[in-house]
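Peer 1: Can you keep this structure in mind? I'll have questions shortly.
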Amino acid sequence: MTRHGGTQTNAREHSPFDCLAGLNRRYPELLPRLDLLRAALQTAGSTPGQTVGAIWGMPSHWYLPFHTTAQALNDLLGQMDRMGTEVQRVARSTPTLVNTLAAWRLTQGIYRFDATLFDELCATPVTGALPTDLLTRLPEWTVYVETPGFIWNGSVLDGVFAQAGEIFDGTEGLAFVLNARECATMLILRLDQPSLEAAIEVSINGDGESAPALATEMRSVLPRLVSLVLYLCSEAPELGDGASLPVRPQPRRTHRGVRMMPARRPVRWEVGTRLGASLRSAWQSVNEQGENDATRGSHASPRAHIRRAHWHTILSGPRQNPVRSLRWLPPIPVNVMEPDDLVRTIRPVTSG
1 MTRHGGTQTN
11 AREHSPFDCL
21 AGLNRRYPEL
31 LPRLDLLRAA
41 LQTAGSTPGQ
51 TVGAIWGMPS
61 HWYLPFHTTA
71 QALNDLLGQM
81 DRMGTEVQRV
91 ARSTPTLVNT
101 LAAWRLTQGI
111 YRFDATLFDE
121 LCATPVTGAL
131 PTDLLTRLPE
141 WTVYVETPGF
151 IWNGSVLDGV
161 FAQAGEIFDG
171 TEGLAFVLNA
181 RECATMLILR
191 LDQPSLEAAI
201 EVSINGDGES
211 APALATEMRS
221 VLPRLVSLVL
231 YLCSEAPELG
241 DGASLPVRPQ
251 PRRTHRGVRM
261 MPARRPVRWE
271 VGTRLGASLR
281 SAWQSVNEQG
291 ENDATRGSHA
301 SPRAHIRRAH
311 WHTILSGPRQ
321 NPVRSLRWLP
331 PIPVNVMEPD
341 DLVRTIRPVT
351 SG
């Protein structure tokens, strides 16, 4: 993950809507222009025999290609300059930041994890041969995940936007826009690495010239962010009551033509409520079992404990063409009488 220049914000501006408002102030009318581009793209892709990928050469989980947003941004800045507005130089990664926030404006999904599940996911190491393309399976183009208790660069980190898409060099990356109270920062996790573990290490170490303090900060924050987002990319994450699920919006026909319409209000998704309750029950069972064993002394059963949560891949199917599946195995009670069943999350992955 590479760090890009942060934009200073007012200390009280720490909601996702403040980030959106700041972008609108800096680049007025840019987001509606991008909405028109996305609507035109999606409408063309609905024509029989045509797909979004065939038209613009992009996968469906992208909001817009980097170069398309870059051109729209350059056109706007040129127009502002001709009108006498002072225009500042923008970083080459700015179109990625714009795409991330512009796509979130259309859905406004805010994901709040159950506190116990949140802690367990943050404690789950992202190691082994987990493929990077798992992070392209977000439920929306951009998600906003609340991050209670997180600190970035000495500032409270209230949440993070995440979007998979094209980055400045034409490869794919997962953009994290950190909504810190003192400084909004964008980080990019490159998805052209052989595994998520490798991608994280490349991000932390960069070109070998990262400041030690920054590397330490990233090593603390980045794996936890990846683990949280990875859960949302799993086969069946527990979102709300399950009656409805996040969807990518469709363009609407208006008197001014076909347009993408911003969400009227935020949609809050409670993540893992039932699973979190099961985890708490498991911990309680372990504690109670431990107390009972202590009273029985040498006649006690093997010590009750919780086996640590972890990401795990398994192979199944024909030996010649096995299917690799990814599971998040939650903390499992061991040597506990009648523990509650815990839900396992499974994501099929094509073996390569």
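In the working numbering, the protein residues as written are 1 to 352. The beta-carbon is built from N, C-alpha and C at its ideal position, and this holds for glycine as well. These numbers come from a predicted model, not from an experiment.
1. Using the Cβ count rule (16 or more neighbours within 10 Å means buried), how would you classify P251?
2. Output needed for L117: all residues of its chain with C-beta closer than 6 Å, excluding positions within five of it in sequence on either side, in chain order.
3. Going by the beta-carbon positions, is the gap between E120 and A309 smaller than 8 Å?
4. Can you tell me where the alpha helix (DSSP H) with L23 in it begins and where it stops?
5. DSSP three-state call for F176: helix, strand or coil?
6. Whose C-beta lies closer than 7 Å to the C-beta of V87 among residues of the same chain, with five residues either side of it excluded?
7. Assign L230 to one of two classes, buried (16 or more other C-beta atoms within 10 Å of its C-beta) or exposed (fewer than that).
8. Could you check where the alpha helix (DSSP H) with R224 kicks off and where it finishes?
9. Which same chain residues end up closer than 8 Å to M260 when comparing Cβ atoms and leaving out the 5 residues on each side of it in sequence?
10. Please return the same chain residues whose Cβ sits closer than 7 Å to the Cβ of T100, not counting the five positions on each side in sequence.
11. Residues bridged to T254 by DSSP?
12. With V202 as the anchor, note down where its alpha helix (DSSP H) starts and where it stops.
13. Quick one: what does DSSP say A164 is sitting in, helix, strand or coil?
14. From the DSSP output, which residues share a beta bridge with E120?
15. Would you tell me roughly how many angstroms separate the C-alpha atoms of T132 and S281, rounded to the nearest one?
16. Leaving out five residues before and five after V221 in sequence, what residues of the same chain have Cβ atoms less than 7 Å from its Cβ?
Peer 2: So, to answer that:
1. Along the sequence shown, read from residue 1 onward, the residue named residue 251 stands at position 251. Buried, by the Cβ-count rule.
2. Your numbering for residue 117 matches position 117 in the sequence shown. Same-chain partners within the cutoff: G272, L275, G276.
3. Working through the sequence shown from its first residue, we reach residue 120 at position 120. Working through the sequence shown from its first residue, we reach residue 309 at position 309. Result yes, Cβ atoms of E120 and A309 sit closer than 8 Å.
4. Here residue 23 corresponds to residue number 23 of the sequence shown, with the count starting at 1. Judged by DSSP secondary structure, L23 falls within the alpha helix (DSSP H) whose first and last residues are 16-26.
5. The residue you call residue 176 lines up with position 176 of the sequence shown. Strand, per DSSP.
6. As a working note, residue 87 is residue 87 in the sequence shown. Once the five neighbours on either side are set aside, the close Cβ partners of V87 are L77, M80, D81.
7. Residue numbering aside, residue 230 sits at position 230 when the sequence shown is read from its first letter. So L230 ends up on the buried side.
8. Start at 1 with the first residue of the sequence shown, and residue 224 comes out as number 224. Where R224 is concerned, the enclosing alpha helix (DSSP H) stretches over 212-232.
9. Start at 1 with the first residue of the sequence shown, and residue 260 comes out as number 260. For M260, the CB contacts under 8 Å within the same chain, skipping 5 residues up- and downstream, are D35, L36, R38, A39, Q42, L106, P249, P251, R252 in chain order.
10. Within the sequence shown, the letter at position 100 stands for residue 100. Once the five neighbours on either side are set aside, the close Cβ partners of T100 are T142, F161, Q163, A175, V177.
11. Here residue 254 is taken as the residue at index 254 of the sequence shown, counted from 1. DSSP output for T254 lists G257 as bridge partner(s).
12. On the sequence shown, position 202 is the one that residue 202 refers to. Looking at the DSSP string, the run of the alpha helix (DSSP H) that includes V202 is 196-205.
13. For the purposes of this step, residue 164 is taken as the residue at position 164 of the sequence shown. A164 falls in the strand class under three-state DSSP.
14. Translated into positions along the sequence shown, residue 120 becomes position 120. E120 pairs with nothing; no bridge assigned.
15. Mapped onto the sequence shown, residue 132 falls at position 132. Mapped onto the sequence shown, residue 281 falls at position 281. Distance between the alpha carbons of T132 and S281 is about 33 Å.
16. Along the sequence shown, read from residue 1 onward, the residue named residue 221 stands at position 221. Contacts found: F150, W152.
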